[in-house]
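Participant: Would you mind keeping the following structure in view while I ask a few things?
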Amino acid sequence: MKTLVTLIFYSLLFSILACSQDYDAEILSHVSYHTASKSRLTRMDTVVLQINKRAGDYNALVIIPFTKSDKLTIGDAWIEDNNGKVVRKLKQNEIKEYSAVSNFSLYEDDFIKSFELKHNTYPYKIKYSFKLISTSFINIAHWCPAYTNKQPVRNKKLVVSVPVNYEIRYQQHYVNPPVKKIMGDNQQLIWDSISYVPVNRQKDAPVSSLKLPSITVVPINFKYGKQGSWETWETFGDWIYSLNENAGELPDSEKIKINQLLYGLSDTREKVQVLYRYLQDYTRYINVKIDIGGLKSYPADYVVKNKYGDCKALCTYMKAMLSYVGILSYYTLINSGDEVLEIDKTFPAQVFDHVILTVLFENDTVFLECTNKNAPFGYLGTFTQGREAFMIDANGKSRFISTPSLSVEDILCTRKITSSITSLSGQFSVNVDMNLKGSDYEIYTQLLTNLNRNVVEKYLRNYVMSGTFELLDFKFENESRDFAGINLNATFTTRDIVKRYGDKTGMSLYPHELTVYESPDKRTQPIQLHYPVSYIDTIEYTFETPVEESSPFNAVSEVSKFGHYVINGKYADGKYIVVKNIYINKGYYPLSEYEEFYKFLINIRKNERKNIFIRQL
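Quick note on numbering: the numbering used here labels position 275 of the sequence shown as 632, and the sequence is numbered without any gaps.
The following block contains the structure:
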């Protein structure tokens, strides 16, 4: 019997070790204690991290964020080999401290302490602890593994301790409710034995489908810069308003400039547009050091003096200019990026990472992206389209609003591709005339603004005409700065568009490279497309030598709930003209519909790769 138990034990141990080796690194244990009162939050963490392979060595760099008002102390830290022997201990002079500033961040930490403990024999463990004391805080605890993080968590324990009369609110997802204990004058919430195994996010799967475990604990009332409350979304809005209410004063010199800019103008919308262009032309976006957890804006006169600011400061400056001329606007919190995240209205919390400005006209609402020097007036784009935002107002009037979704007209990209065929062999000239909108417009505008010509040329070679196409020349044109589109005209040479098949010649339809998804037998997650995709192509082959159509063109018209694909072609008067229309609808498609969605895209891809066949006379 003893032998059988021993065999079972070692069998289970071998299975666990074998499973562990599938990961480059893993967190074996993470214990976190958060002790809060009205004026102080103490966090004490102990972590055991195991590096299994050389590919996981980047995890040996430990980064701990904190704000300038916090006191962070890193305790003992060391490396253990696989036998539990201490290989090396961390020295205090190996701990680095530096400022932490990201590109688009609303709530971020000012500073970072970091250290690195690396070994050359695998697996090895890194054990460390730290203590963080905060005298200003709006959250007591928040834990959620990032969906990009490939480390499994074998055992997570979170303990929150507060006085029994201290009001808190908590929320958890995909973890068991906490054990509650009363210990004298304190109450404890204990989440224990939490584990997490990373799930690979498949293309365009919503983050919610990953079912990430999370725990958030907030105080109902807090003081961070100003007195605030998480009682409701409206009380949170009041707090944000109070943080920034005195930030809108402009110097007299700036008021004189504004008067000059708006001289003779009476239309309110035109005034807003002129001041927005002034903001774009004479300021630049830069993320500067921030106060009050990143939620307090630098004042408008800071931007006037320095000609730069972060998203908060630039919005405050734009708001101040509008206020000076009697136009009301609203500081608006929003989540940015291609991913449109759902906001839980039942649990007020700091879930935003960006600020835009909202202007309410009598029959219209305009949203201003104050960090983008190239954005047309009122254009939000893929970065902030189609989602809920929180518009800040005084006296409990802050409220959720929705930003407009990109329409088909907003994202439609057209191509006219003209190929001159002087003979059915040799090198051919190809001219591409494109009108780019939506995400393509944003990408190319960013390219032209921030990168040199060589980088742009490389991008065009890779994404406009890839393969053996040689780029000869290109030119960009924009109809106006308030038009969300850009025209590209480019000339290439190639030998690949025409191929001989016996006495017939096949010519390419210049296929679009659509997103490649997993086959239905490998797909495990639903799909969420946050905005539509739309392309209309006109392909024109001009022949200088007599040819005839080898076989009739097979027109295709496929329509489904996922979109449509239409293609038709004909030969006449020495030209072969093909017109095709690709449209993929936005929407949420559950796993039960995935096979049908996949077949729809596969059919498009097959038709895109067909050839036109002609015969030389």
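Glycine is no exception: its CB is placed at the ideal position from the N, C-alpha and C atoms. Note that the structure is a prediction, hence the values are computed from the model and not measured.
Compute the Euclidean distance between the alpha carbons of residue 734 and residue 388, then round it to the nearest angstrom.
Facilitator: So the alpha carbons of these two residues sit roughly 49 Å apart.
Participant: What is the rounded straight-line gap between the Cα of residue 760 and the Cα of residue 744?
Facilitator: In a straight line, the C-alpha of residue 760 is about 6 Å away from that of residue 744.
Participant: Run through the region 826 to 883 for me and flag every whole beta strand (DSSP E) of 3 or more residues, listed as ranges in chain order.
Facilitator: DSSP runs (the beta strand (DSSP E)) wholly in the region 826 to 883: 827 to 834, 843 to 851, 855 to 858, 861 to 865.
Participant: Please classify residue 751 as buried or exposed, where buried requires at least 16 other C-beta atoms within 10 Å of its C-beta.
Facilitator: The residue is exposed, with fewer than 16 neighbouring Cβ atoms inside 10 Å.
Participant: With DSSP collapsed to three states, give me the class of residue 497.
Facilitator: Three-state result, residue 497: coil.
Participant: According to DSSP, which residues form a beta bridge with residue 690?
Facilitator: Beta-bridge pairing links residue 690 to 712, 747.
Participant: Buried or exposed, going by whether 16 or more other CB atoms sit within 10 Å of the CB of residue 667?
Facilitator: So residue 667 counts as buried.
Participant: Please report the distance separating the alpha-carbon of residue 498 from that of residue 506.
Facilitator: C-alpha separation (whole angstroms): 20 Å.
Participant: Alpha carbons only, please: which of 902, 942, 928 is nearest the one belonging to residue 921?
Facilitator: If we check each option's Cα against that of residue 921, 942 comes out closest.
Participant: Taking a contact to mean a Cβ-Cβ separation below 8 Å, would you say residue 451 touches residue 417 in this structure?
Facilitator: In this structure, residue 417 does not lie closer than 8 Å to residue 451 by Cβ.
Participant: Apart from the five residues on each side of it in sequence, which residues of its chain come closer than 6 Å, Cβ to Cβ, to residue 834?
Facilitator: These residues qualify, in order along the chain: 844.
Participant: Quick one: what's got a C-beta closer than 7 Å to residue 478's C-beta in the same chain, skipping five residues either side?
Facilitator: Result list for residue 478: 438, in chain order.
Participant: Can you list the alpha helix (DSSP H) stretches of 4 or more residues lying completely in the region 541 to 624, in chain order?
Facilitator: Those alpha helix (DSSP H) runs which fall completely within the region 541 to 624 and span 4+ residues are 590 to 601, 609 to 618.
Participant: Taking the continuous beta strand (DSSP E) assigned at residue 727, which residues delimit it?
Facilitator: Per DSSP, residue 727 belongs to no beta strand (DSSP E) and is neither H nor E.
Participant: Going along the chain, which residues of its own chain have a beta-carbon closer than 6 Å to the beta-carbon of residue 421, five neighbours each way excluded?
Facilitator: Counting only Cβ-Cβ distances below 6 Å, and skipping sequence neighbours, we find 470, 487.
Participant: Within the same chain, show all residues whose beta-carbon is closer than 6 Å to that of residue 642, passing over the 5 residues directly before and after it, in chain order.
Facilitator: If we look at residue 642 and ignore the five residues flanking it on each side, its Cβ neighbours are 728.
Participant: Under 8 Å, do residue 509 and residue 555 count as touching if we go by C-beta distance?
Facilitator: Yes, these two residues count as a Cβ contact at 8 Å.
Participant: Starting from the Cα of residue 407, find the closest Cα among 935, 512, 907, 454 and give me that residue.
Facilitator: The candidate whose alpha carbon is nearest that of residue 407 is 512.
Participant: Hey, would you say residue 657 sits closer than 8 Å to residue 605, going by beta carbons?
Facilitator: Yes.
Participant: Please return the same chain residues whose Cβ sits closer than 6 Å to the Cβ of residue 647, not counting the five positions on each side in sequence.
Facilitator: Because the pLDDT at residue 647 is just 41, under 50, the model does not fix this residue reliably, and the point stays unresolved.
Participant: Which residue comes first and which comes last in the alpha helix (DSSP H) that contains residue 959?
Facilitator: First-last of the alpha helix (DSSP H) with residue 959: 951 to 965.
Participant: Given a threshold of 16 other Cβ atoms within 10 Å of its Cβ, counted over all protein chains shown, does residue 483 qualify as buried or as exposed?
Facilitator: Classification of residue 483: buried, given that the 10 Å Cβ count is 16 or more.
Participant: Answer with buried or exposed for residue 732, where buried requires no fewer than 16 other C-beta atoms within 10 angstroms of its C-beta.
Facilitator: Flag for residue 732 reads buried.
Participant: Which residue spans inside the region 753 to 812 form an unbroken beta strand (DSSP E) run of at least 3?
Facilitator: Counting whole runs of 3 or more residues, the region 753 to 812 contains the beta strand (DSSP E) stretches 756 to 759, 769 to 778, 785 to 793.
Participant: Whole-angstrom Cβ separation of residue 883 and residue 793, contact assumed at under 8 Å?
Facilitator: Not confirmed; about 29 Å, so no contact.
Participant: Can you grab the Cα-Cα spacing for the pair residue 380 / residue 431, in whole Å?
Facilitator: Going from the Cα of residue 380 to the Cα of residue 431 covers about 27 Å.
Participant: Compare the C-beta of residue 719 with all C-beta atoms of chain C and state if any pair is closer than 8 Å.
Facilitator: The structure shown contains no chain C; it is built from a single protein chain.
Participant: Ignore the nearest five residues each way along the sequence and tell me which others in residue 637's own chain have a CB closer than 8 Å to its CB.
Facilitator: Answer for residue 637: 729, 730, 731, 732, listed in chain order.
Participant: Would you mind working out which of 747, 528, 827 sits nearest residue 788, comparing C-alpha positions?
Facilitator: Checking every option, the nearest Cα to that of residue 788 belongs to 827.
Participant: Report the three-state DSSP secondary structure of residue 423 (helix, strand or coil).
Facilitator: Reduced to three states, the DSSP call for residue 423 is strand.
Participant: Assign residue 660 to one of three DSSP states: helix, strand, or coil.
Facilitator: Three-state DSSP puts residue 660 in a helix.
Participant: Between residue 601 and residue 654, is the Cβ-Cβ spacing less than 8 Å?
Facilitator: It is a contact, given that the beta carbons lie within the stated cut-off.
Participant: Rounded to whole angstroms, what's the CA-CA distance from residue 894 to residue 962? Just pull it up for me.
Facilitator: Cα to Cα, residue 894 sits roughly 15 Å from residue 962.
Participant: Report the three-state DSSP secondary structure of residue 706 (helix, strand or coil).
Facilitator: In this structure, residue 706 counts as coil in the three-state DSSP scheme.
Participant: Which class does residue 402 belong to by DSSP, given the choice of helix, strand or coil?
Facilitator: Note: residue 402 maps to strand in three-state DSSP.
Participant: Does the Cβ of residue 577 have 16 or more other Cβ atoms within 10 Å, making it buried, or fewer, making it exposed?
Facilitator: By the 10 Å Cβ count, residue 577 comes out exposed.
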